[in-house]
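This report concerns only the one structure given below.
2 protein chains.
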Amino acid sequence: MNTLAEENYLKAIYKLASLTESVSTNQIAASLETKASSVTDMLRKLSDKTLINYTRYQGVSLTEAGEKVAINIIRKHRLWEYFLVEKLNFKWDEVHDMAEEMEHISSNELIDRLDEFMGFPKRDPHGDPIPDCNGQFKINDLKPISAMAVSARGIISGVRDHSSVFLQYLEKQGLIIGKKITVKEIISYDNTVVLQMDNKVLQISHEVANNLLIAI
Amino acid sequence: MNTLAEENYLKAIYKLASLTESVSTNQIAASLETKASSVTDMLRKLSDKTLINYTRYQGVSLTEAGEKVAINIIRKHRLWEYFLVEKLNFKWDEVHDMAEEMEHISSNELIDRLDEFMGFPKRDPHGDPIPDCNGQFKINDLKPISAMAVSARGIISGVRDHSSVFLQYLEKQGLIIGKKITVKEIISYDNTVVLQMDNKVLQISHEVANNLLIAI
DNA sequence: GTAGTTTTTTAGACAAGTCTAAAAATAATA
DNA sequence: TATTATTTTTAGACTTGTCTAAAAAACTAC
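Those sequence lines, one after another, are chains A and B.
Under the numbering used here, the first residue of the first sequence carries the number 8, and numbering increases by one thereafter.
Under the numbering used here, the first residue of the second sequence carries the number 8, and numbering increases by one thereafter.
So this is what it looks like as structure tokens:
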């Protein structure tokens, strides 16, 4: 079994690897809010356990075993988020920290039964795909509103930014998952996007449009 | 907040205090399967945080603050056990270790909502009372079968031994919570108890009778 | 390709929690 | 009460995961 710290490192490396090609020590340190020297120590440890491929100064990647662990943690995180929102009626901006603890509950039997109890949900409350018990899941097929053309339509299906301040803003604007939107105009000055939703017209900044995802 | 180790010590002290008057270093060490020297170190730490009353060589007791923490952990443990059995269909002998991890999930808001989700259960799958969100719960009003007289009746309502080997034995014999039993005979040679249950007659040892609890 | 900057690693230290071995306090017994 | 025996505590060491400060390697730029 892996320690809590090891699990958090593996998850961080997995997430960074999906964004950039090679993952660096500094990136990991920033993402975990720790120091580069602490990261180096842990990388050696994870490398000894053959969970990552690591050579000094060269950056890291997950081994197959390491990726499996990381995906399992993400599966747990997303299933607990779904449970908290769907069964315990928490709001989507409230669940992250709790799920961050719950993802480390070790039993896989437990998480598989939880999955079944909830009807094998495919996406968590933020639209992120939930890996199945074999680690399989659909690669994210969502694109940001900022990539849409004028007069294109779509369904709000996910977010890139999971911070509660962003989620609360979306909630307030009614920009929640499942809503249909149409791009009416893109203001060239600052790329503000003008949307139509439920016969209402609203404007969102490029920043927001970039973090709000649409099903194709 | 308290660390995982601190929480486990507080819980252990709470449980021992309900059995014996003064709690000793060695008792705690035995119950946590650690060494007396480790216990002494932790006792100083908990004493500094005013969670226990401790003077060297004199044994310990929980302060009001410490008891509150301990009861809250027990509340979490028992609610998660109830969840695992009632919602995820685990058997009562399978849930202890999982609940042992889950009792350390910190959010009280989460546990209160879980409590509500399940309809505020009063007892966990082993018949132990579940403290409410204010830490209140009925002191155990159950007595062991070994304390029953011949021809007395009762309803199986709890267990003293939570080990999976004992619970599996009970399950196999059909001695599960809710069943009505009558004491037919107590064999004086070794205090074996002869029970009637569902028109069946069965014998249990004094050891078993002592660990199986009946509602008065 | 040398100098300067940035990134990464090493070296050494610290806190939490554990351990073994030895000392001190308490309890039990003759 | 003196002497064992037991319990508890101290002293010192180890592991995990972290940190700061300094050294080493890798980039960048001229």
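C-beta: ideal position from N, C-alpha, C; glycine also.
Spatial neighbours of I78 of chain B in its chain, beta-carbon cut-off 6 Å, leaving aside the 5 residues before and after: P138, G142.
Would you call the stretch 196 to 208 of chain B and the stretch 165 to 172 of chain B touching, i.e. three or more CB-CB distances under 8 Å? The stretch 196 to 208 of chain B is not in contact with the stretch 165 to 172 of chain B.
Closest by C-alpha distance to L58 of chain B, when choosing among B:Y196, B:G73, B:L121: Closest by alpha carbon: B:G73.
Using the Cα positions of R160 of chain A and I223 of chain A, report the straight-line distance between them to the nearest angstrom. Rounded to the nearest angstrom, the two C-alpha atoms are 9 Å apart.
According to DSSP, is L177 of chain A helix, strand or coil? In the structure shown, L177 of chain A sits in a helix (DSSP, three-state: H, G or I).
Suppose you measure from the CA of D148 of chain B to the CA of H111 of chain B; what does that come to, to the nearest Å? So the two alpha carbons sit approximately 28 Å from each other.
Out of A:P151, A:L17, A:S38, point me to the one whose CA is closest to S54 of chain A's CA. Per the Cα distances, A:L17.
Opening and closing residue of the beta strand (DSSP E) in which A159 of chain A lies: In this chain, A159 of chain A is not harboured by any beta strand (DSSP E), its DSSP state being neither H nor E.
Residue interval of the alpha helix (DSSP H) (run including T57 of chain B): Where T57 of chain B is concerned, there is no enclosing alpha helix (DSSP H), given that its DSSP letter is neither H nor E.
May I have the straight-line CA-CA distance separating V30 of chain A from V215 of chain A, to the nearest angstrom? Taking the Cα positions, V30 of chain A is about 26 Å away from V215 of chain A.
CB contact below 8 Å: S114 of chain B versus chain A: It does: the Cβ of S114 of chain B has a partner Cβ on chain A nearer than 8 Å.
Looking at the structure shown, is R130 of chain B part of a helix, part of a strand, or coil, going by DSSP? Strand.
D104 of chain B to T62 of chain A span [Cα, whole Å]: Cα to Cα, D104 of chain B sits roughly 38 Å from T62 of chain A.
Just to make sure I have the definition right: I need the residues of chain A whose C-beta is within less than 8 Å of the C-beta of N96 of chain B. Which are they? By Cβ distance, chain A contributes R120.
Cβ-based contacts, 9 Å cut-off: residues of the stretch 122 to 156 of chain A near chain B: If the cut-off is 9 Å between Cβ atoms, the stretch 122 to 156 of chain A has E123, F124 near chain B.
Is there a Cβ of chain B sitting closer than 8 Å to that of L174 of chain A, yes or no? L174 of chain A does not count as touching chain B.
Spatial neighbours of I80 of chain B within its chain, please: C-beta separation below 6 Å, excluding the five flanking residues on both sides. Shown here for I80 of chain B: same chain residues with a beta carbon closer than 6 Å to its own, the five before and five after excluded, namely E14, K18, E110 in chain order.
With the cut-off set at 8 Å, would you say E88 of chain A and D131 of chain A are in Cβ contact? Taking 8 Å as the Cβ cut-off, E88 of chain A and D131 of chain A qualify as a contacting pair.
Does the separation of the CB atoms of K150 of chain B and I221 of chain B fall below 8 Å? K150 of chain B places its beta carbon less than 8 Å from that of I221 of chain B.
Assuming T189 of chain A is part of the beta strand (DSSP E), what are its boundary residues? For T189 of chain A, the enclosing beta strand (DSSP E) begins and ends at 187 to 194.
According to DSSP, is I211 of chain B helix, strand or coil? I211 of chain B falls in the strand class under three-state DSSP.
Would you check if the distance between the CB atom of I118 of chain B and the CB atom of R82 of chain B is smaller than 8 Å? Result yes, Cβ atoms of I118 of chain B and R82 of chain B sit closer than 8 Å.
Quick one: give me the first and last residue of the alpha helix (DSSP H) that S38 of chain A is part of. Counted as a single uninterrupted DSSP element, the alpha helix (DSSP H) harbouring S38 of chain A occupies residues 32 to 39.
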